[in-house]
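Q: Chains as they are written, first to last, in the working numbering: chain E, -19 to 297; chain Y, 6 to 489; chain S, 275 to 953; chain P, -1 to 219.
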Amino acid sequence: MSTLTIVRQFGEVLLAIAIAPLFAGWIAQCRAWLQNRSAPPLTQPYRMLRKLFHKDVALATDASPLFRMTPYILFGTMVLAAAIIPSVATDLPFARVADAIALIGLFATARVFLSLAAMDIGTAFGSMGARRDMMIGFLAEPALLMVLFNAFLLSGSTALPSVVEASTAHPFLIDPSLVFAAVAFLMVLLAENARIPIDNPATHLELTMIHEAMVLEFSARHLALVEWSSDLKLFNYACIGFALFLPWGIATHGADGGLTLGVAVIALLAKLIVAGAALALIESLSAKLRIFRAPEYLAMAFLLAVLGLLVHLLLGA
Amino acid sequence: MDLLIVLGLPLLGALLLALFGARTYAAELNAGMSFATLVAVAFLVLRVLRHGSLLALHEQFFVDSFNVFLVALTAFVGFTTALFSRPYMRIEEQRGRLSQQRLRLYHSMYQLFMAAMFLALLTNNMGLLWVAMEAATLSTVLLVSLYRTRASLEAAWKYFILCGVGIAQALFGTILLYFAAEHVLGRQGMTALLWTHLNAVKGQLEPRVLGLAFVFLLVGYGTKVGLAPLHNWLPDAHAEGPTPVSAVLSGLLLNVALYAVIRCKVLVEGSIGSYLPGRMLMTFGLLSAVLGAFFLWRQRDIKRLFGYSSIEHMGIITFAFGIGGPIANFAALLHMTVHSLTKSSIFFTAGHASQTAHTQQMDGIRGLVGISPTIGWGLMLGSLAILGMPPFGVFASEFLILTTAMREHPWTTPFLLIALGVAFAAIFRKVQPMVFGESDAPPLPHSPALVPVFIHLAIVLMLGVYMPFALADWYRAAARLIGG
Amino acid sequence: MSLAEWTSRYMVALSRHDLSLVLMLVLGWLVLGAAGLIRPHRVGFVAHVLFPLGALAAVGVAFLGAIALLAGHSPQILLLPLGLPNLPFHARLDTLSAFFLLLLGLAGAGISTFAAGYFRSGQGTAPGLLCLQYHVFLASMALVILADDAYFFMVVWETMALSSYFLVTSQHRIPEIRRAGFLYLLMAHIGALCILLSFGVLQGGRWQFTFDAMRGASLTPFWASAAFLLALIGFGAKAGLVPLHVWLPEAHPAAPSPVSALMSGLMLKTAVYGMLRITFDLLHIRYWWWGVLVLGVGLFSALFGAIFAAVQTDMKRLLAYSSIENIGIIFTGIGLAILFAACGLPLFAALALTAALIHSLNHALFKSLLFLATGSVLHATNQRSLGKLGGLIRRMPWVAALALIGTLAIAGLPPLNGFVSEWLLLQSFLFTPQIPHAFLNMLIPLGAALLALTVALAAYVMVKFYGVIFLGQHREPSLVHAHDADWLERIGLAWLALGCIAIGVMPQLALRAAGAVTGTLLGQTVNLSSPFWWIAPIASKQASYSGLILLAGIVGVVGITFVMVRVLAHGRIRRTASWDCGYPWQTSRMQDTAEGFGQPIRHMFGPFFRMERKLPAPTDTAPHYQVHIEDRLWRVLYLPIARGVQRLADWIGLLQGGRLSIYLLYSFLTLIALLVFVL
Amino acid sequence: MHPSHMIPELLKLLAASLLLISFAMLSRRRTQRLITLFAWQGSVLFVSTLLVAYSAGLTELYYSATLTLLLKVIALPWILHRLTRRLGAQWDSETLVNIPITMLVGLGLVIFAFGLAQPISRMATTITRNTIGIALAVIFLAFLMMITRRKAITQVIGFLAMENGLFFAATSATYGMPMVIELGIALDLLVGFFILGIFFFQIREQFDSLDLSHLESLKEE
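1) Between which residues of its own chain and alanine 623 of chain S is the CB-CB distance below 6 Å, once the five residues before and five after are set aside?
2) Could you round the C-beta distance between alanine 454 of chain S and alanine 535 of chain S to whole angstroms and report it? I think they count as a contact, below 8 Å.
3) Could you spell out the range, first to last residue, of the beta strand (DSSP E) harbouring valine 323 of chain S?
4) Below 8 Å, how does it come out for the stretch 910 to 927 of chain S and the stretch 290 to 305 of chain Y: are there three or more Cβ pairs, yes or no?
5) Once you ignore the five residues that flank glycine 106 of chain E on each side, which residues in its own chain have a CB closer than 6 Å to its CB?
6) Strictly under 8 Å for the Cβ-Cβ distance: is alanine 947 of chain S near chain P by that measure?
7) DSSP puts arginine 309 of chain Y in a beta bridge; with which residues?
8) Closest Cβ-Cβ distance between glutamate 317 of chain Y and chain P: below 8 Å?
9) Note down, in chain order, each residue of its chain lying with its Cβ closer than 6 Å to the Cβ of methionine -1 of chain P, except the 5 sequence neighbours on either side.
10) What residues from chain P crowd round arginine 933 of chain S, counting only those whose CB sits closer than 7 Å?
11) Between the alpha carbons of asparagine 237 of chain Y and leucine 949 of chain S, how many angstroms are there, rounded?
12) I believe leucine 420 of chain S touches serine 371 of chain S by the beta-carbon criterion, under 8 Å. Please report the beta-carbon distance rounded to the nearest angstrom.
13) Just to confirm before moving on: does the CB-CB distance between leucine 8 of chain Y and leucine 49 of chain Y stay below 8 Å?
14) Spatial neighbours of threonine 228 of chain Y within its chain, please: C-beta separation below 7 Å, excluding the five flanking residues on both sides.
15) Taking 8 Å as the CB-CB cut-off, is valine 92 of chain E touching chain S?
16) Rounded to the nearest angstrom, how far is the Cβ of alanine 584 of chain S from that of leucine 467 of chain S, given a contact under 8 Å?
17) Are the CB atoms of isoleucine 267 of chain Y and proline 212 of chain Y nearer to each other than 8 Å?
18) In angstroms, rounded to a whole number, what distance separates the CA positions of leucine 289 of chain E and proline 396 of chain Y?
19) Pull up the CB-CB distance for serine 575 of chain S and phenylalanine 605 of chain S, whole angstroms please, since I reckon it's below 8 Å.
20) Determine the contact status of asparagine 129 of chain Y and tryptophan 200 of chain Y, defining contact as a CB-CB distance below 8 Å.
21) Which residues, in order along the stretch 165 to 177 of chain Y, keep a beta-carbon less than 9 Å from a beta-carbon of chain S?
22) In chain order, which continuous runs of the alpha helix (DSSP H) of length 4 or greater are located wholly inside the stretch 265 to 313 of chain Y?
23) Alpha carbons only, please: which of S:Val735, S:Val300, S:Pro532 and S:Gly856 is nearest the one belonging to leucine 770 of chain S?
24) In this structure, what does DSSP give as the bridge partners for tyrosine 471 of chain Y?
25) Are the CB atoms of valine 694 of chain S and glycine 773 of chain S within a distance shorter than 8 Å?
26) Strictly below 9 Å CB to CB, what residues from chain P border glutamine 930 of chain S?
27) Using the C-alpha atoms, what's the distance from leucine 631 of chain S back to arginine 749 of chain S?
28) Below 7 Å on C-beta distance, what does aspartate 241 of chain Y contact in chain P?
29) With three or more C-beta pairs closer than 8 Å as the rule, is the stretch 654 to 670 of chain S touching the stretch 744 to 762 of chain S?
30) In chain order, what residues of the same chain have a beta carbon less than 8 Å from the beta carbon of glycine 102 of chain E, not counting five sequence neighbours either side?
31) Does the separation of the CB atoms of valine 154 of chain P and leucine 216 of chain P fall below 8 Å?
32) Mind listing which residues of the stretch 724 to 747 of chain S have their C-beta closer than 7 Å to chain E's C-betas, in chain order?
33) May I have the straight-line CA-CA distance separating arginine 161 of chain E from methionine 167 of chain E, to the nearest angstrom?
34) Under the three-state reduction of DSSP, which class applies to isoleucine 176 of chain E: helix, strand or coil?
35) Is alanine 365 of chain S helix, strand or coil when you go by DSSP?
36) So who's on the other strand from isoleucine 847 of chain S, going by DSSP bridges?
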């Protein structure tokens, strides 16, 4: 691999790390507007991180090393995921390290570590949150896998770069199955990233919270890393979605000079802006579900994905 | 000559023990006589191995590869049982269940019984075979009723009547056989009842008559084999008689009776040249195996339990003979051997176990390994062996029987599967708590003679993983002789 | 000459006498076992001399298996001077057996080392006797893998069952353990009978019980299917496929932990081996519906196991159920392989089979690791119930750290080994739409979703397992005195953990090993050309994965982040009490219990269970909550059978009415009936 | 009419009477009567054996005839009488199945026996051709009697009657078995009978009755 690709790789990773909080901030801003509150500035997440990084850590007396490792591991996995997902260009040295399925595995690793850390202190909330988060996880994964099946059937590969290149090869193709898959993916995305209707990132109402319950014991730099990595997670999911359903603009293999890269970055930002707004809209329009409605919700997502699959097999595309 | 010795020694023993049976050394004398018999048999066996089958005394007696191995088996188990009965009967006597006089009766009848069985095995004359079987019945009747308790009397009575009636049928069958043979062989020289001659001319014997004859013989001797539904005497006799007697009943008498049936089957099949006898044996066998297995399920008395298990195994053996052919016969003969060895060893341990616990009720027997490891492990291993667990020899024969059945008569395998499965569950769920668990019973006054047990089990184990060539050829020859 | 040449030459020399060497090692095991009887009660001698030697022998077995795989020469055959007349014991070493020998050796070595530190003298069987049973168990498993004729196979197969039964009942004074042992041996025996009958169908003719003869025999479709189904029942009963699984959750917890590890990690794999041997080697033909059947059973077992594991409150039962789940996953792979092979897609069949094989290997490693860890916990705390554990990571850091690796591995998380096999399996699912059967090609993809659900559930279960045992507060004050495992145990655990990591980061090695097997069984292997840290089973374009780079990446990023944070943010660390939500009277009892953790599963998969719940009334002064989970199948399937047998036995018992006249009547009627018959 | 022609007729007559006696036994309740009938049966057997011996000119049949006389006409009935008197078991309580039905079943059995004997009689060369059917019938009837009777002694009598049938079969069908066998059988019979005798007393002293209903404790409960 040439130095260029390596540079590109690092560039993409740094970009992801840099703008992930921004994306979260943008969504928060949109939500504020939609709920006509006065919106926090876009830079709010960065300030928050900065503040947290400079605080002293208040660590529970019997927190084990596992607890202290977890934020770093979370951050690590998320950054790695960002390196794998072709958000700007497909020809990345890291891209072949893990295909989409392995990517799901990577996210699962992060989730498991977070849950373990949550249980480590041994407060009621920690384990409750862990339990619920794991539950959402094992409900979401089948649906996500079905979505990937759709992509695979179209491109004959589960490696995201190949998917992107396959779909950009014949531009503006909208396979009917993808419609279903896209909706399913969106629902999964909401569930996985602890957003309404499954969880509410803004709440601290103790009995309903999931993600917040888990991170309750983290403080200062640990909390900062956890927050940052959850922002990254959202960003990554968004990029997976783009790669699967709106791959246009991504610089494909061979055709990735400086110009196209610039275009790709612009395209990415554009997509993010739109997607963020859309997310905010959805979140503000829908109400949070009871925790035991979550299975139904995710079953719905699964159903849609399967429908997509069947449609594809039926129309024999 | 040594053939006569084999027959004579037990008779002599019976006589001696009838005289000195009440002395303290009677048990040793008994064992000694049995040992002498064993030695004589060993010589006989060697001769047969060297010169092949032989006839003696105007062809009245003969030894071929089929009966010689049964003779050897009988002598061996007879000897080991005598060894076992020494301490066992001592304990019984100490506990006041038996008087000196009873012991005398026991010892001399034991020898008489052995003599009768040798006669039955060695004679070439179907009539004498019948006489010997009857004699064996009579002697064992006295042995079963040895304790003179209500239960033992009842058992003996049932045993006597059922087997007497059965044996009467066998006599009628023999008469018919003679009747048919007479037309071919004539009355001169009394050859008309000699098996060898009959076997030579079996092709010419009148089929219809032999068909009838076989039915009577099968019902008659089958009663003694304990084939369902003619088996009813068996569990009672096994449960109520003294344990050594149960051991020889299961281990030897059943074999001898089956031997008689098979001898007849060979003739009849040769005569009517159809599969009819084989099919009859298969049906009886399956029925006995399945019924026996289900009977096992509800037993409470340990000796009764293993009595029923004998029914089940006799069923399996009969079934195998019914299939016929080199492999099935081979398997059946092997199963005969390992079954009598294993079953007698089980009865040895069971006897001591019930002595330790002062009851034959299995709920009363617990934690044997705790009290006396040899008894406990003996019972456990014996039961596992009889249940067809490898590497014990019983598994070898069951393996051959099942695979052959699967090949020749697939429809029978479900029944066999049920029988074996149920039997396993039934026996093992009873044996496990007896062997394992807690107990506070004291050990026995006399150290139990469990050497026989482990000798038997060792042989059975060996037959499972390694069979000496001599033995194998021997079985094969016998299997060929039975044919079918 | 260079080292490489020398080693290669050495390897070749070894590989020539592979089989006899393996047999010698097996014999060595038996000798060690017998040696245990010399001083049955001397723990020191048995534990610190015999078991380590056994571990060494295991390493040797693994080594020889690996060599046989690498050499990939034609199978070696050896006739032993034992067995039936005309049927000596045949032993044969081909790639399939070599693979499972490797598995046996790798896991066995770790377990034996651990056992050396584990077995103490006390109630139950004497250590010497245990040593005998243990090594007979190991040896019989090795021989099952090597056997090449039906009789030898059955003998060692049942010996395996028997020795393990005695190991399970080593604490025979406890009635539940006796019950478990009984159930186990019964199921094992019935299964064995089914296998025996299957061989009866397969046999090549009279006395033709060697596997070679069976390979030669040609069967009609009906009989081929009969043989296959019998084998499926037989091996399924041993592997613990639903609904033949009932013995497993009873027997595995009952045994001492190293034995549980042997049973779960290795013995179940012999069933997998047998299934593969009969389906892909002895049977000359395969039908697609076999594959569908196995696939269905496998998927159901997997889901069933995962769900039940999630609601267990006994740590060893939890692991036992998770074994059912993993066996289900393995059989799913086998089912796919059969299906693909029957549909003439050998490459995909090879992929599925590879997944199944590697998952067998992985499960052997991490399940043993976890069972051994529970053993250490058991020794340290005398507690098996999850409800009484917790916070052990601070008391037993070694065990906790090593168990964490096992937990992550079994949860199927990259970059550890569990993920590799599951990834491969999912990959092979991706090709099911190509099956040329309508409906199948639409239905089977859903199986992938089911698999994904199972795997995710497994993660849930494992978080529960690890979290409740090692994390949080001590649920019992006595746990403060818990001590860490001793060095031998640690070595055993570490060995297995190392195995998990190695296969995880260098999956290509496992892929090559499995490739040798699929090459002989299917004449087709997945793409093995990629370097050792990298797998791309079909094509690099299609899908690829590299555990090593992933690990390196994570470690790298974590490292950089750590340094950066240290440099940029230098906040101090202040130890405080955990946040109590303004309720200062929190106790360790307020943590989520195991039951609590299982609650969502109970809620969602209610139909699977038979639940008896005891809810406290609002007025209770001492409220008490109790829930009892039961397997429906037990009541639906097994109890009726037992009752049926009982009823039948009662009817048949009437035959023995005690009346002499009636008995006479029986024989009279028999006589008449037979006479009529011959008339 | 020449005697050599008379003999077969006579034998048939005897055979018929044998059958008649068996039926009579089936119908009788009193033990004493049964014993008498048994003795009669024995004597009939004796005569028929003599006739066969004479007509076939077989010396060994004379022996077995005398054996029959001694054993079945004199010894056993006498002992049985004494036993019954000693044990006070003259009366047999009600049979398990009432007499008429028993008779009907017996009739059916006789027909069955004859049908069964057809082929055999056809190939018989002895002058006593078709008597084997009767012998079979006697055996069946004795069997039936054993099934239907309640007392130990009556069962034994049935048993002995069965032996008679067997003897008759032997002589009539085959001019008797070889002497060795005859002797062996006789010996067994005698021994068995003495054992029975012992048993009666044992049973009496244990259960103070010979009623078989006491002997039903060993069973699957």
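All C-beta atoms in this analysis are idealised placements derived from N, C-alpha and C, irrespective of residue type, glycine included.
A: Reading off the structure:
1) Taking the third sequence and counting its residues from 1, one reaches residue 623 of chain S at position 349. Around alanine 623 of chain S: Ala611, Phe614, Ala615 and Leu796.
2) On the third sequence, position 180 is the one that residue 454 of chain S refers to. On the third sequence, position 261 is the one that residue 535 of chain S refers to. With 8 Å as the limit, alanine 454 of chain S and alanine 535 of chain S do not qualify as a contact, their Cβ atoms being about 17 Å apart.
3) As a first step, residue 323 of chain S must be located in the third sequence, where it is residue number 49. Taken as a continuous stretch (DSSP letters only), valine 323 of chain S belongs to no beta strand (DSSP E), as it is neither H nor E.
4) yes
5) As a position in the first sequence, residue 106 of chain E is number 126, starting the count at 1. Excluding residues within five positions, the ones whose Cβ falls inside 6 Å are Ala98 and Met99.
6) Sequence index remark: in the third sequence, residue 947 of chain S carries index 673 (1-based). No, alanine 947 of chain S does not count as interfacial toward chain P.
7) Within the second sequence, residue 309 of chain Y is the residue found at index 304, counting from 1. Answer is none; arginine 309 of chain Y lacks a bridge partner.
8) Position 312 of the second sequence holds residue 317 of chain Y. No - not a single Cβ of chain P is within 8 Å of the one on glutamate 317 of chain Y.
9) Position 1 of the fourth sequence holds residue -1 of chain P. Because methionine -1 of chain P carries a pLDDT of 48, less than 50, the predicted location of this residue cannot be relied on, and no value is offered for it.
10) Counting from 1 along the third sequence, the entry for residue 933 of chain S is found at position 659. Simply Glu214.
11) Sequence index remark: in the second sequence, residue 237 of chain Y carries index 232 (1-based). Sequence index remark: in the third sequence, residue 949 of chain S carries index 675 (1-based). Distance between the alpha carbons of asparagine 237 of chain Y and leucine 949 of chain S is about 21 Å.
12) Along the third sequence, one-based indexing puts residue 420 of chain S at 146. Along the third sequence, one-based indexing puts residue 371 of chain S at 97. Indeed, because the Cβ distance is near 6 Å, the residues count as touching under 8 Å.
13) Here residue 8 of chain Y is taken as the residue at index 3 of the second sequence, counted from 1. Here residue 49 of chain Y is taken as the residue at index 44 of the second sequence, counted from 1. In contact: leucine 8 of chain Y and leucine 49 of chain Y (Cβ atoms closer than 8 Å).
14) On the second sequence, residue 228 of chain Y is found 223 positions in, with the first residue counted as 1. Taken in chain order, the residues that qualify are Leu167, Cys168, Gly171 and Leu235.
15) Here residue 92 of chain E is taken as the residue at index 112 of the first sequence, counted from 1. Closer than 8 Å: yes.
16) Your numbering for residue 584 of chain S matches position 310 in the third sequence. Your numbering for residue 467 of chain S matches position 193 in the third sequence. About 34 Å; that fails the 8 Å criterion.
17) Looking up residue 267 of chain Y in the second sequence gives position 262. Looking up residue 212 of chain Y in the second sequence gives position 207. Not a contact, by the Cβ cut-off of 8 Å.
18) Your numbering for residue 289 of chain E matches position 309 in the first sequence. Your numbering for residue 396 of chain Y matches position 391 in the second sequence. About 54 Å.
19) Here residue 575 of chain S refers to the residue found at position 301 of the third sequence. Here residue 605 of chain S refers to the residue found at position 331 of the third sequence. Rounded, the Cβ-Cβ distance is 7 Å, consistent with contact.
20) In the second sequence, counting from the first residue as 1, residue 129 of chain Y sits at position 124. In the second sequence, counting from the first residue as 1, residue 200 of chain Y sits at position 195. The answer is yes: Cβ separation under 8 Å.
21) Ile166, Leu167, Val170, Gly171 and Gln174
22) 281 to 301
23) For the purposes of this step, residue 770 of chain S is taken as residue 496 along the third sequence, with counting starting at 1. Measuring from the Cα of leucine 770 of chain S, the nearest candidate turns out to be S:Pro532.
24) Against the second sequence, residue 471 of chain Y aligns to sequence position 466. Its beta-bridge partners are S:Gly357.
25) Reading the third sequence from its first residue, position 499 is the one you call residue 773 of chain S. Reading the third sequence from its first residue, position 420 is the one you call residue 694 of chain S. The answer is no: Cβ separation not under 8 Å.
26) Along the third sequence, read from residue 1 onward, the residue named residue 930 of chain S stands at position 656. Here the neighbours are Leu216, Lys217 and Glu218.
27) Position 475 of the third sequence, counted from the start, is the residue given in the question as residue 749 of chain S. Position 357 of the third sequence, counted from the start, is the residue given in the question as residue 631 of chain S. Distance between the alpha carbons of arginine 749 of chain S and leucine 631 of chain S is about 40 Å.
28) If you number the second sequence from 1, residue 241 of chain Y lands on position 236. Those within 7 Å of aspartate 241 of chain Y in chain P are Leu216.
29) yes
30) For the purposes of this step, residue 102 of chain E is identified with residue 122 of the first sequence, where counting begins at 1. For glycine 102 of chain E, where only same-chain residues beyond five positions count, the Cβ hits under 8 Å are Asp42.
31) One-based indexing of the fourth sequence puts residue 154 of chain P at position 156. One-based indexing of the fourth sequence puts residue 216 of chain P at position 218. Cβ distance not < 8 Å, so valine 154 of chain P and leucine 216 of chain P don't count as in contact.
32) Ala726, Leu727, Ala730, Leu731, Ala733, Tyr734, Val737, Tyr740, Gly741, Leu745, Gly746 and Gln747
33) Taking the first sequence and counting its residues from 1, one reaches residue 161 of chain E at position 181. Taking the first sequence and counting its residues from 1, one reaches residue 167 of chain E at position 187. Note that residue 161 of chain E is alanine in the sequence shown, not arginine. Whole-angstrom Cα-Cα distance: 10 Å.
34) Walking along the first sequence from the start, residue 176 of chain E turns up at place 196. Looking at isoleucine 176 of chain E - three-state DSSP - the assignment turns out to be coil, as it is neither helix nor strand.
35) Your numbering for residue 365 of chain S matches position 91 in the third sequence. In the structure shown, alanine 365 of chain S sits in a strand (DSSP, three-state: E or B).
36) Indexing the third sequence from 1 puts residue 847 of chain S at position 573. E:Val37.
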